[in-house]
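Using this note's numbering, the letters of the sequence shown map in sequence onto residues 2 to 451. Ideal placement from N, C-alpha and C gives every residue a C-beta, glycine not left out.
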Amino acid sequence: MGKLHSVSLNRDRCMGCTNCIKGCPTEAIRVRDGKACIDENRCIDCGECIRICPHHAKSAQCDPFPDLTSRNASKPAAVLLPPSLYAQFGPPATRSMIIRSMYAIGFDFVYEVAIGAEACSLRTREIIAEKRALVQSGGSDFSSVFPLISSACPVVVRLIQMKYKALIPHLIPFDSPMEITAGFARKDIASKLAISPDAIDIYFLSPCPSKRTVTINPLGQNKSEVNFVLALHDVYPLILSALEKEQKDTDAATLHAFVGLAGSEGVQWACAGGEASTLDTEKYMAVDGIHNVISILDEIENERLKDIEFVEPSCCFGGCIGGPLTVTNPFSAKARMRGFIKAAIDDEERSPDKFLRFRHLQLASSWKIPLEANNSMQLDADINTAMDKYEQMERILETLPGLDCGACGAPTCAALAEDIVQGNALETDCIIKLKEHIRKVAQDINLLDL
Ligand code: SF4
Ligand code: SF4
Numbered sequence: 002m003g004k005l006h007s008v009s010l011n012r013d014r015c016m017g018c019t020n021c022i023k024g025c026p027t028e029a030i031r032v033r034d035g036k037a038c039i040d041e042n043r044c045i046d047c048g049e050c051i052r053i054c055p056h057h058a059k060s061a062q063c064d065p066f067p068d069l070t071s072r073n074a075s076k077p078a079a080v081l082l083p084p085s086l087y088a089q090f091g092p093p094a095t096r097s098m099i100i101r102s103m104y105a106i107g108f109d110f111v112y113e114v115a116i117g118a119e120a121c122s123l124r125t126r127e128i129i130a131e132k133r134a135l136v137q138s139g140g141s142d143f144s145s146v147f148p149l150i151s152s153a154c155p156v157v158v159r160l161i162q163m164k165y166k167a168l169i170p171h172l173i174p175f176d177s178p179m180e181i182t183a184g185f186a187r188k189d190i191a192s193k194l195a196i197s198p199d200a201i202d203i204y205f206l207s208p209c210p211s212k213r214t215v216t217i218n219p220l221g222q223n224k225s226e227v228n229f230v231l232a233l234h235d236v237y238p239l240i241l242s243a244l245e246k247e248q249k250d251t252d253a254a255t256l257h258a259f260v261g262l263a264g265s266e267g268v269q270w271a272c273a274g275g276e277a278s279t280l281d282t283e284k285y286m287a288v289d290g291i292h293n294v295i296s297i298l299d300e301i302e303n304e305r306l307k308d309i310e311f312v313e314p315s316c317c318f319g320g321c322i323g324g325p326l327t328v329t330n331p332f333s334a335k336a337r338m339r340g341f342i343k344a345a346i347d348d349e350e351r352s353p354d355k356f357l358r359f360r361h362l363q364l365a366s367s368w369k370i371p372l373e374a375n376n377s378m379q380l381d382a383d384i385n386t387a388m389d390k391y392e393q394m395e396r397i398l399e400t401l402p403g404l405d406c407g408a409c410g411a412p413t414c415a416a417l418a419e420d421i422v423q424g425n426a427l428e429t430d431c432i433i434k435l436k437e438h439i440r441k442v443a444q445d446i447n448l449l450d451l
């Protein structure tokens with residue numbers, strides 16, 4: 002199995018300041034021997050530690066930009082553009098210009114991930130209707146089937162696998178827009194060029210590290226259709242310079258090897274709430290920011306969220322436009338995105354045949370492998386041992402000062418108690434306990450001297 006996450010630490014830059022440990026939603030970080038370390042099994046690639054670290058010691062690992070000029074000519078390179086890419090550029094840039102810039106950079110084929118997003122919206126509408134009919138016929142309780150939870154954000158899916166296992170059946174169980182588009186692109190190019198689907202390199206421009214992890218360790222399938230993931234901020238300067246060379250927009254239909262523009266529904270997915278707004282329900286909730294997502298998942302788990310059919314949780318503030326690998330701040334990006342969505346709606350109204358929306362109905366395929374729970378937060382696989390450890394943890398916690406200061410390298414006193422029980426830390430890692438210990442040793446020595 003490949004690496005389980007895509008966030009890495011530059012040890013030379015890490016000052017051991019402990020800023021990052023408190024922001025991590027899965028308590029995956031500890032500071033040991035003056036340096037942060039990430040528990041591979043617990044990291045869900047939310048990128049919070051990248052944002053928080055004042056010393057820029059954390060970064061996302063993506064693939065290097067390829068040499069598109071001297072590569073093997075028999076292996077075409079296709080690039081998939083997420084809707085959040087458009088929001089990185091202000092006027093006069095248009096979607097067509099951004100798509101054309103990718104050919105100028107050297108890619109042979111370009112596909113919009115928004116076409117996969119449209120396919121997901123269509124399938125989700127069907128699933129909501131099916132579940133609604135089930136509830137109305139008395140075949141199921143509302144709370145046992147709703148709310149359905151979007152699986153578009155891989156960070157949220159991994160969070161649910163780890164901390165909210167009871168909610169796994171609520172996840173929309175089909176491939177992400179990226180995977181759907183990659184699968185479509187592979188088949189489309191293979192048929193156009195009469196080559197093997199394996200003889201095509203597919204690149205994805207990513208707004209976040211979790212998209213790279215999901216290509217190495219896919220969700221709901223054995224193998225990703227995406228071969229390489231490029232950080233959006235690495236490719237941004239190349240696109241900008243190609244855009245500067247070409248200030249004049251032309252019709253998208255004239256683009257070389259371009260399959261066709263996605264409709265406005267897919268483009269909307271860039272922002273938080275964009276996916277939910279494409280569904281036939283008013284009973285939806287969109288929540289962004291990983292800590293807000295956690296609050297809402299707590300509510301769902303405790304059945305406190307009534308009368309909601311669909312929840313769209315996004316790890317990043319603002320949705321994918323707020324991903325840690327983007328360039329533009331999410332507020333400007335959201336304002337720009339409105340322009341791109343409006344243009345997409347206008348285009349659709351002008352020439353509806355130009356859009357692919359309904360041709361991709363059949364694209365959203367279900368997960369082939371059932372999603373499994375991640376037990377990394379369990380104290381032990383054996384329930385009796387886990388209960389013993391829990392009791393030990395509680396006893397240790399009572400003796401700790403309860404300041405949650407982070408000076409021990411764990412985010413809270415409870416996390417330190419857990420580390421002690423698991424044999425990964427000592428009580429004297431707590432500086433207050435260490436002082437007490439030293440004082441007691443000193444007293445014992447004094448008593449011996451007397
Ligand atoms: S925030 Fe974390 S990674 Fe950054 S310097 Fe401090 S301890 Fe190291
Ligand atoms: S990326 Fe998120 S989950 Fe992973 S270590 Fe950083 S803060 Fe924790």
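Hey, how far is the Cα of A115 from the Cα of P92?
-> Here residue 115 is taken as the residue at index 114 of the sequence shown, counted from 1. Here residue 92 is taken as the residue at index 91 of the sequence shown, counted from 1. A115 and P92: Cα-Cα distance of roughly 20 Å.
Beta-bridge pairing of A79 - partner residues as DSSP gives them = Taking the sequence shown and counting its residues from 1, the one referred to as residue 79 is at position 78. Answer is F110, I203.
Run through the stretch 97–183 for me and flag every whole alpha helix (DSSP H) of 4 or more residues, listed as ranges in chain order.
-> You should have 115–137, 143–146, 155–164.
Report yes or no: do three or more beta-carbon pairs, one from the stretch 128–142 and one from the stretch 315–324, lie closer than 8 Å?
-> No, they do not touch.
Listed by chain order, which residues have C-beta atoms less than 7 Å from any heavy atom of ligand 1?
-> L10, R14, C15, M16, G17, C18, T19, N20, C21, I22, I30, V32, K36, A37, C50, I53, C54, P55, H56, A58, K59
Would you kindly work out how many angstroms separate the C-alpha atoms of L168 and K59, rounded to a whole number?
-> Taking the first residue of the sequence shown as position 1, residue 168 is located at position 167. Taking the first residue of the sequence shown as position 1, residue 59 is located at position 58. Cα-Cα distance, rounded: 30 Å.
Please confirm whether K164 and T19 have their CB atoms less than 9 Å apart.
-> Locating residue 164 in the sequence shown gives position 163, where the first residue counts as 1. Locating residue 19 in the sequence shown gives position 18, where the first residue counts as 1. Cβ distance not < 9 Å, so K164 and T19 don't count as in contact.
Note the first and the last residue of the continuous alpha helix (DSSP H) segment covering M16.
-> Here residue 16 is taken as the residue at index 15 of the sequence shown, counted from 1. First-last for M16: undefined, no H or E at that position.
Give the C-beta separation of A415 and L398 to the nearest angstrom, bearing in mind that I take them to be a contact with Cβ-Cβ under 8 Å.
-> As a working mapping, residue 415 is identified with position 414 in the sequence shown. As a working mapping, residue 398 is identified with position 397 in the sequence shown. Yes, A415 and L398 are in contact; Cβ-Cβ is about 6 Å, under 8 Å.
How many angstroms separate the CA atom of L256 from the CA atom of R101?
-> As a position in the sequence shown, residue 256 is number 255, starting the count at 1. As a position in the sequence shown, residue 101 is number 100, starting the count at 1. Because the pLDDT at L256 is just 48, under 50, the model does not fix this residue reliably, and the value given afterwards should be weighed accordingly. Straight-line Cα distance between these residues: approximately 7 Å.
Looking at C-alpha atoms only, which residue of I196, V312, I370 is the closest neighbour of K76?
-> Start at 1 with the first residue of the sequence shown, and residue 76 comes out as number 75. Nearest C-alpha to K76: I196.
F311 to K36 span [Cα, whole Å] | In the sequence shown, the residue the question calls residue 311 occupies position 310. In the sequence shown, the residue the question calls residue 36 occupies position 35. Straight-line Cα distance between these residues: approximately 41 Å.
Would you identify the three-state DSSP class for E349, choosing helix, strand or coil?
-> Start at 1 with the first residue of the sequence shown, and residue 349 comes out as number 348. Correct three-state label for E349: helix.
Are there three or more Cβ pairs, one per stretch, closer than 8 Å when the stretch 333–341 is compared with the stretch 170–183?
-> no
Three-state secondary structure (DSSP) of A254 = Taking the first residue of the sequence shown as 1, we reach residue 254 at position 253. Caution is warranted here: a pLDDT of 44 is assigned to A254, below 50, making its placement in the model unreliable, and no coordinate value can be reported.
Under 9 Å between the Cβ atoms of Y87 and A271?
-> By 1-based counting over the sequence shown, the position of residue 87 is 86. By 1-based counting over the sequence shown, the position of residue 271 is 270. Yes.
With 16 as the cutoff for other CB atoms within 10 Å, does H234 come out buried or exposed?
-> Position 233 of the sequence shown holds residue 234. Classification of H234: buried, given that the 10 Å Cβ count is 16 or more.
Rounded to whole angstroms, how far is the Cβ of L326 from the Cβ of S207, which I believe are closer than 8 Å?
-> To locate residue 326, count along the sequence shown from 1; it is residue 325. To locate residue 207, count along the sequence shown from 1; it is residue 206. Indeed they touch by this definition, with Cβ atoms about 6 Å apart.
Let me know the secondary structure DSSP gives A287 once reduced to three states.
-> The residue given as residue 287 occupies position 286 in the sequence shown. Reduced to three states, the DSSP call for A287 is strand.
Return the CA-CA distance between D252 and S97, expressed in angstroms with no decimal places.
-> The residue labelled residue 252 in the question sits at position 251 within the sequence shown. The residue labelled residue 97 in the question sits at position 96 within the sequence shown. With a pLDDT of 48 at D252, under the threshold of 50, the predicted position of this residue should be treated as unreliable, though the coordinate-derived value follows. Going from the Cα of D252 to the Cα of S97 covers about 7 Å.
Backbone CA spacing between E41 and A61 [nearest angstrom] | Here residue 41 is taken as the residue at index 40 of the sequence shown, counted from 1. Here residue 61 is taken as the residue at index 60 of the sequence shown, counted from 1. Looking at the two C-alpha atoms, the distance is approximately 14 Å.
Would you mind reading off the limits of the beta strand (DSSP E) that contains L231?
-> Position 230 of the sequence shown, counted from the first residue, corresponds to residue 231. Its beta strand (DSSP E) spans residues 229–232.
Hey, K224 and P155: beta-carbon distance below 9 Å or not?
-> Position 223 of the sequence shown, counted from the start, is the residue given in the question as residue 224. Position 154 of the sequence shown, counted from the start, is the residue given in the question as residue 155. No Cβ-Cβ contact shorter than 9 Å links K224 with P155.
May I ask you to check if the CB of P314 is nearer than 8 Å to at least one heavy atom of ligand 2?
-> As a working note, residue 314 is residue 313 in the sequence shown. Because no heavy atom of ligand 2 lies under 8 Å away, the Cβ of P314 does not count as near it: no.
Quick one: give me the first and last residue of the alpha helix (DSSP H) that S265 is part of.
-> For this step, residue 265 is matched to residue 264 along the sequence shown. First-last of the alpha helix (DSSP H) with S265: 265–269.
Cutoff 6 Å; reference Y454; Cβ partners in own chain excluding five residues on either side | No answer is possible for residue 454: the residues shown for the chain start at 2 and end at 451.
Could you have a look at I30 and say whether DSSP puts it in helix, strand or coil?
-> As a first step, residue 30 must be located in the sequence shown, where it is residue number 29. Correct three-state label for I30: strand.
Give me the Cα-Cα distance between I203 and V227, rounded to the nearest whole angstrom.
-> Against the sequence shown, residue 203 aligns to sequence position 202. Against the sequence shown, residue 227 aligns to sequence position 226. Their backbone Cα atoms lie some 5 Å apart in a straight line.
Start-to-end residues for the alpha helix (DSSP H) that takes in S366 = Residue numbering aside, residue 366 sits at position 365 when the sequence shown is read from its first letter. The continuous stretches of alpha helix (DSSP H) do not include S366, and DSSP gives it neither H nor E.
Compare the beta carbon distance of I99 and L298 with 9 Å and say whether it is the shorter of the two.
-> Taking the first residue of the sequence shown as position 1, residue 99 is located at position 98. Taking the first residue of the sequence shown as position 1, residue 298 is located at position 297. Cβ atoms of I99 and L298: not closer than 9 Å.
Which value, in whole angstroms, describes the spacing of the CA atoms of D389 and N425?
-> As a position in the sequence shown, residue 389 is number 388, starting the count at 1. As a position in the sequence shown, residue 425 is number 424, starting the count at 1. When rounded, the distance between both Cα atoms is 17 Å.
Report all residues from its chain with a CB closer than 8 Å to the CB of C38; omit the five preceding and five following residues, and keep chain order.
-> Counting from 1 along the sequence shown, the entry for residue 38 is found at position 37. Once the five neighbours on either side are set aside, the close Cβ partners of C38 are L10, I30, R31, V32.
Locate the beta strand (DSSP E) running through S10, then write down its first and last residues.
-> Translated into positions along the sequence shown, residue 10 becomes position 9. According to the sequence as given, residue 10 is Leu; it is not Ser. Residues 8–10.
Nearest neighbour of D13, chosen from N375, H56, T413 [CA to CA] = On the sequence shown, residue 13 is found 12 positions in, with the first residue counted as 1. Answer by Cα proximity: H56.
Rounded to a whole number of angstroms, what is the C-alpha to C-alpha distance between A105 and K246?
-> Sequence index remark: in the sequence shown, residue 105 carries index 104 (1-based). Sequence index remark: in the sequence shown, residue 246 carries index 245 (1-based). Distance between the alpha carbons of A105 and K246 is about 10 Å.
Between the beta-carbon of A118 and the beta-carbon of A153, is there less than 9 Å?
-> Counted from its first residue, the sequence shown places residue 118 at position 117. Counted from its first residue, the sequence shown places residue 153 at position 152. For the pair A118 and A153, the CB atoms are nearer than the 9 Å cut-off.
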